[in-house]
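Residue numbers (our numbering), protein chains in the order written: chain A, 101 to 408; chain B, 297 to 715. Don't be surprised by glycine CBs; every beta carbon is placed ideally from N, CA and C. See below for the structure under consideration.
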Amino acid sequence: MTAAVDAPDQESWFHRNQQRLAPWFFLAPGLLFFLVYVIIPVFQSFNLSLYEWDGLGAAEYVGFRHYEDLYWEWVDRDAFYTSLKNNLIWLLLYLLAIPAGLFIALFLNQTVWGIRLYKSLFFFPFVISQVVVGLVFTWFYDPTFGLLNEFLGVFGLGPLNVLGDERFVTYGIIFAGLWPQTAYCMILYLTGLNAVDPEQIEAGRLDGAKGAKMLWHIILPQLRPATFIAFVVTIIGALRSFDLISIMTQGGPFGSSRVLAYYMFEVALSEYGFRMGYGAAIAVILFLIMLCFIAYFLWSMYREEKGH
Amino acid sequence: MKSMFRHTAAALAVGVAFAAPAAAELTGELRIFLDTSNPAPRATMEAMIDRFQQQHPGLEIETTVIDREAYKTQIRNFLTADTPDVATWYAANRMKPYVEAGLFEDVSDLWAEPEIADNLASTKGAMTIDGKQWGVPYTYYQWGVYYRKDIFDELGLSEPTTWEEELANCQKIVDSGRACYTIGTKFLWTAGGWFDYLNMRTNGFDFHNQLANGEISWEDDRVKQTFANWKQLIDMGAFIDNHQTYSWQEALPFMVNGEAAAYLMGNFAVAPLRDAGLTDDQLDFYQFVAINPDVELAEDAPTDTFHIPANASNKEAAREFLRFVVSADEQTEINNGANLGQLPVNAQSAVDEDKFLQQGFEMLSSNSPGGVAQFWDRDAPAEMAKASMEGFQEFMVKPDNTDRILAKLERARQRIYDN
Chain A
101 MTAAVDAPDQ ESWFHRNQQR LAPWFFLAPG LLFFLVYVII PVFQSFNLSL YEWDGLGAAE
161 YVGFRHYEDL YWEWVDRDAF YTSLKNNLIW LLLYLLAIPA GLFIALFLNQ TVWGIRLYKS
221 LFFFPFVISQ VVVGLVFTWF YDPTFGLLNE FLGVFGLGPL NVLGDERFVT YGIIFAGLWP
281 QTAYCMILYL TGLNAVDPEQ IEAGRLDGAK GAKMLWHIIL PQLRPATFIA FVVTIIGALR
341 SFDLISIMTQ GGPFGSSRVL AYYMFEVALS EYGFRMGYGA AIAVILFLIM LCFIAYFLWS
401 MYREEKGH
Chain B
297 MKSMFRHTAA ALAVGVAFAA PAAAELTGEL RIFLDTSNPA PRATMEAMID RFQQQHPGLE
357 IETTVIDREA YKTQIRNFLT ADTPDVATWY AANRMKPYVE AGLFEDVSDL WAEPEIADNL
417 ASTKGAMTID GKQWGVPYTY YQWGVYYRKD IFDELGLSEP TTWEEELANC QKIVDSGRAC
477 YTIGTKFLWT AGGWFDYLNM RTNGFDFHNQ LANGEISWED DRVKQTFANW KQLIDMGAFI
537 DNHQTYSWQE ALPFMVNGEA AAYLMGNFAV APLRDAGLTD DQLDFYQFVA INPDVELAED
597 APTDTFHIPA NASNKEAARE FLRFVVSADE QTEINNGANL GQLPVNAQSA VDEDKFLQQG
657 FEMLSSNSPG GVAQFWDRDA PAEMAKASME GFQEFMVKPD NTDRILAKLE RARQRIYDN
């Protein structure tokens, strides 16, 4: 830095500031795309949510009327209420993928002959498309021909029309979603388990820890990063659940399995939709919910970094 | 923006060129967008376009076939940018958003030509908005009750014509351990068909139209009467169980296996029923029964259409193509049993010998004095159609919730029609 002070006019401004500018140059492409594809659209959709627009004609400014309508839908226990409620159920139950994934990972974290094959088989549902998962479970739940009802029939139970009953439909879809999500969490934990320090386990064992105690006090703390990532992907996955609903029920029966993401699509982009402003208003609400989680994640990441 | 300008400029140039006396021979490019993506209709359309090409060798025809479902959303894009010269769509309210946005060309001039005015009069109403015509139809088909004749014979039943006969028939079918009707309401619109018929038979065609246009409350007693009639069927177990989980195709096996005796459907259901092994001796058709003797019978007959986008660049060729499509010979050809297997729109065309088409044609031309509706989701505005069909589905599963469902639809009506 002294050189810059000594000879201010011999070196160009660019040369003097190279060190400080370089990171920005490297960041520029990423920032640009992030700006164009994420940040600006966020503001655009907020702006759009203040207009009534069918995607064809002129947009008409309506202020916060869409949000007011959403509020009334909430009060009337209408579609928006159902979607929000289902989103909450998704959020809570989808988290089951984390302990389930951990359990399977612990189970598979051993060296027996052919373990690689077992691992890949357990990972399989994450590899296949959500569309296929949806179809498989639709057939599984089929009230007349489905495997589930054949199975229930053995115990003299059923028949149960999981996807046709507004009480069960959301749980049925979440269960289908847990299948691939558990596999995802499992993989995260398996890689995490590879990094567990054997010396600490040894030390724990010397101190007499085993079983659940060992897991809770020695293993899990070391899996913290994996848990964190699993938590993030599961929360985000639950909030953007869309494909399974679209394939398995189309939001039905009578709209009882809708979530916000699907409702937004329905209102703005489906065959009977094209209320762009209203869809944007739903998207904004969904964004605000996501923002809470994202803020929390960022904050805890920041705290982590600072701690080290 | 730039390309849009160029487009407009090109359109203007073409427009000016047309102002000069038109050349006898059509030249230039003609771009046709089709939503007939299923194999059979696709082949029919392509063959038809080939014949048009032979008549006009100077024309460079480019055909694009888009998946039928995807088309419904893509049309919004291609009508505004990179516009074709001819595009398929649907009649009545379904074309209203595009007419209002000025994206469809006014083709009233075609409808003024005697060739079309005289022969296509029956579908003119469905193509008219604000007193102008916005396209031409190319095919339509009847709705009605397709039933298993062998099951009716076995139970000693005959085709009903009144609501009492209908209920009596249905009771016997239910007593024999079958459902009267198969239906799959997963995608909602099938329930719209039932509502169309029950409401048109209970309250008449004009009332039905007013309801679709939002002029009547959903909590009106007459609407409630429609639902009360519907409830009679539901309560006696007329419909198959779990219909909310099936698509219309998935509901077919119930009829094929004899677990259900009939299906209220469009004529397109005949082909898969035949493919599944039902012969014409086993399968027959009757018109939906009269309910209220004071109202005239009216039918559903959805019409598929061709339009010229307002931004099209070769409108002269496009108009010629539309004339060609509705001509008597082409109509006979493309709607025959080997092709679309539906009804021709031109009065001079011959209807295929197929017994269902013959019956349907007979019914629509002589026994539908009340009028011809398109279909609930084409007659009502999209939003209302969606909300109401969801209500119909819920009603069919939980008929006791009628009042709550109707209150919800009434709220939707007040919101939807007031803008």
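Which chain B residues sit within Cβ distance under 7 Å of residue i?
i: N261 of chain A; result: N538 and T541
i: T327 of chain A; result: Residues of chain B passing the Cβ test: none, with the nearest at roughly 38 Å.
Counting only beta-carbon atoms, is residue i nearer than 8 Å to chain B?
i: T182 of chain A; result: no
i: V354 of chain A; result: One point to set straight first is that residue 354 of chain A is Phe, not Val, in the sequence displayed. At least one chain B Cβ lies under 8 Å of F354 of chain A.
i: H375 of chain A; result: The sequence given here has Arg at residue 375 of chain A, not His. At least one chain B Cβ lies under 8 Å of R375 of chain A.
i: G155 of chain A; result: yes
i: R340 of chain A; result: no
i: P243 of chain A; result: yes
i: M401 of chain A; result: no
What residues are listed by DSSP as bridge partners for residue i?
i: R327 of chain B; result: B:E358
i: M390 of chain A; result: Per DSSP, none; premise fails for M390 of chain A.
i: M261 of chain B; result: Shown here, chain B extends from 297 to 715; a query on residue 261 of chain B therefore has no answer.
i: K428 of chain B; result: B:I425
i: T601 of chain B; result: B:W385 and B:P433
i: F535 of chain B; result: B:Y477
i: A586 of chain B; result: B:T458
i: L579 of chain B; result: B:R444
i: L184 of chain A; result: Note: L184 of chain A sits in no beta bridge, so no partner.
i: Y161 of chain A; result: A:Y151
i: A594 of chain B; result: B:G667
i: F400 of chain B; result: B:P605
i: K556 of chain B; result: Lys is not the amino acid found at residue 556 of chain B; the sequence shown has Ala there. According to DSSP, which records beta bridges pairwise, A556 of chain B is partnered with B:A475.
Chain A partners of residue i, CB-CB under 8 Å?
i: K368 of chain B; result: E371
i: R570 of chain B; result: None at all; the shortest Cβ gap to chain A is about 23 Å.
i: R372 of chain B; result: G155, L156 and F374
Would you mind telling me which residues of chain B sit closer than 9 Å to residue i, beta carbon to beta carbon, in chain order?
i: Q350 of chain A; result: K482, F483 and L484
Can you name the residues of chain A whose CB is closer than 9 Å to the CB of residue i?
i: L639 of chain B; result: Under the 9 Å cutoff, chain A gives no residues; its nearest Cβ is about 25 Å from L639 of chain B.
What residues from chain A crowd round residue i, counting only those whose CB sits closer than 7 Å?
i: A397 of chain B; result: L156 and G157
i: A681 of chain B; result: Y372
Between residue i and chain A, is there a C-beta pair that is closer than 8 Å?
i: M300 of chain B; result: Note on M300 of chain B: pLDDT 46, under 50, position unreliable in the model; no value is reported.
i: R474 of chain B; result: no
i: R327 of chain B; result: no
i: A669 of chain B; result: no
i: E515 of chain B; result: no
i: A339 of chain B; result: no
i: T304 of chain B; result: Only weak support exists for where T304 of chain B lies, its pLDDT of 47 falling under 50; the coordinates are left without a value.
i: A753 of chain B; result: For chain B, the structure presents residues 297 to 715; residue 753 of chain B sits outside this window and is missing.
i: A319 of chain B; result: In this prediction, A319 of chain B scores a pLDDT of 42, lower than 50, which makes its location untrustworthy; no coordinate-derived value is stated.
i: A534 of chain B; result: no
i: F314 of chain B; result: Its pLDDT being 42, under 50, F314 of chain B is placed unreliably in this model, and the value from its coordinates should be taken loosely. Judged by the 8 Å Cβ criterion, F314 of chain B is not in contact with chain A.
Please determine whether the Cβ atom of residue i lies at a distance below 7 Å from any heavy atom of the ligand ZN.
i: Y394 of chain B; result: The ligand content of the structure shown is nil, which means the ligand ZN is not present either.
What ranges does the beta strand (DSSP E) occupy inside the segment 221 to 292 of chain A, keeping only unbroken runs of at least 3 residues that lie completely in it?
Runs found: none.
Just by C-beta distance, which residues in the segment 683 to 714 of chain B are closer than 8 Å to chain A?
Of all residues in the segment 683 to 714 of chain B, those with a C-beta nearer than 8 Å to a C-beta of chain A are E686, G687, Q689, E690, V693, K704, R707 and R711, reading in chain order.
With 9 Å as the C-beta to C-beta threshold (strictly closer), list the residues of the segment 381 to 410 of chain B near chain A in chain order.
Sequence-ordered contacts of the segment 381 to 410 of chain B with chain A read P393, Y394, E396, A397, G398 and L399 [C-beta pairs closer than 9 Å].
Any C-beta of chain B within less than 8 Å: which residues of the segment 261 to 289 of chain A qualify?
Within the segment 261 to 289 of chain A, the residues whose Cβ lies closer than 8 Å to some Cβ of chain B are N261, L263 and G264, listed in chain order.
If you scan the segment 435 to 498 of chain B from start to end, which runs of the beta strand (DSSP E) of 3 or more residues do you find wholly inside it?
Within the segment 435 to 498 of chain B, the runs of beta strand (DSSP E) that reach at least 3 residues and sit entirely inside it are, in chain order, 439 to 444 and 475 to 477.
Can you list the alpha helix (DSSP H) stretches of 4 or more residues lying completely in the segment 624 to 658 of chain B, in chain order?
When DSSP assignments are scanned along the segment 624 to 658 of chain B, the uninterrupted stretches of alpha helix (DSSP H) that are 4 or more residues long and fall wholly within it turn out to be 624 to 630.
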